[in-house]
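Counting from 4, one number per residue, gives the positions in the sequence shown under the numbering used here.
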Amino acid sequence: MNVNLLEKLLRDVKEGRLDVPSALQGLRSLPFEELEFATLDTHRALRQGYPEVVFSQGKSTAQMKAIIKNMLGRGENVLATRVDAAKGKALMKAFPKGEYREVPSTFFVKSHPVKKSGKGTILVISAGTSDVPVAEEAATTAEYMGNSVKRLFDVGVSGIHRLLHRKEELWEARVLIVVAGMEGALPSVVAGLVARPVIAVPTSVGYGANLGGLTTLMAMLNSCASGVTVVNIDNGFGAAYAASMMNKE
4 MNVNLLEKLL RDVKEGRLDV PSALQGLRSL PFEELEFATL DTHRALRQGY PEVVFSQGKS
64 TAQMKAIIKN MLGRGENVLA TRVDAAKGKA LMKAFPKGEY REVPSTFFVK SHPVKKSGKG
124 TILVISAGTS DVPVAEEAAT TAEYMGNSVK RLFDVGVSGI HRLLHRKEEL WEARVLIVVA
184 GMEGALPSVV AGLVARPVIA VPTSVGYGAN LGGLTTLMAM LNSCASGVTV VNIDNGFGAA
244 YAASMMNKE
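Shown next, in the form of structure tokens:
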């Protein structure tokens, strides 16, 4: 349930514009609603500040449309992740006011304007261009959650001067998301330069011994720099969600 709508409903009851039975009818689906193929957590925006995010992978286009339609009907903004190009095209046709971004594979459609809620800037850094899809998932998600976001891409440790050249941007950010594959060294470097939270995102980018990102993950978990928190492999969304909570007013 949208927080603003709930506040209005309670005010209407308090001021006599709405009777209690009608209010109960409005709350009938709290805290969840069961569809044939999904159980929507309609209470999540009240608990966590953001509505449920739809993970597209493994869902059919028809299922995605039904979920999004239901959430929009409740006055929620809807973010879907891991949306492939075919689903993105179909969702844009079904919801013309939505926005599909192919590189981060996200679809977003608003029922109301996004309210700025971040105290400062979230800086998303990628070690290489090959890490950009995951970095863009993080940056796009953070923007949709009401944050000011800056991007700093392709500044990995193989040419560390590229990062140091932009050190003022590192110092100005309130939360930093650092995305890297290969040996995963960049988050440690960044964390050694700033007095802010650093969220490390290992990617599956790398040669055979990278083990699909497992080597990168282990390297980040063993960072010698303080203040590094690590999310799962390729989980740009999870990093952005955590950063948004850290950055929230």
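No residue lacks a Cβ here, since even glycine has one placed at the ideal position from N, Cα and C. Computed from a prediction, not measured in an experiment: that's the story for all the values here.
Pull the bridge partners of residue 82 from the DSSP assignment, please. 111
Rounded distance between the beta-carbons of residue 169 and residue 189, thought under 8 Å: That pair is no contact at about 13 Å.
Looking at the structure shown, is residue 155 part of a helix, part of a strand, or coil, going by DSSP? strand
Find the nearest neighbour of residue 88 within the set 76, 75, 102, 201, judged by alpha-carbon distance. 102
Would you grab the beta carbon distance between residue 203 and residue 223 for me? Rounded to a whole angstrom, and I think it's under 8 Å. 4 Å
If distances are taken between C-alpha atoms only, which option among 176, 105, 182, 10 comes closest to residue 86? 105
Determine the DSSP secondary structure at residue 121, reduced to helix, strand or coil. strand
Do residue 107 and residue 132 have their C-beta atoms closer together than 9 Å? no
Indicate whether residue 197 and residue 176 have their beta-carbon atoms separated by less than 9 Å. yes
How about residue 142 and residue 239: are their beta carbons less than 9 Å apart? yes
Is the Cβ-Cβ distance between residue 178 and residue 123 less than 9 Å? yes
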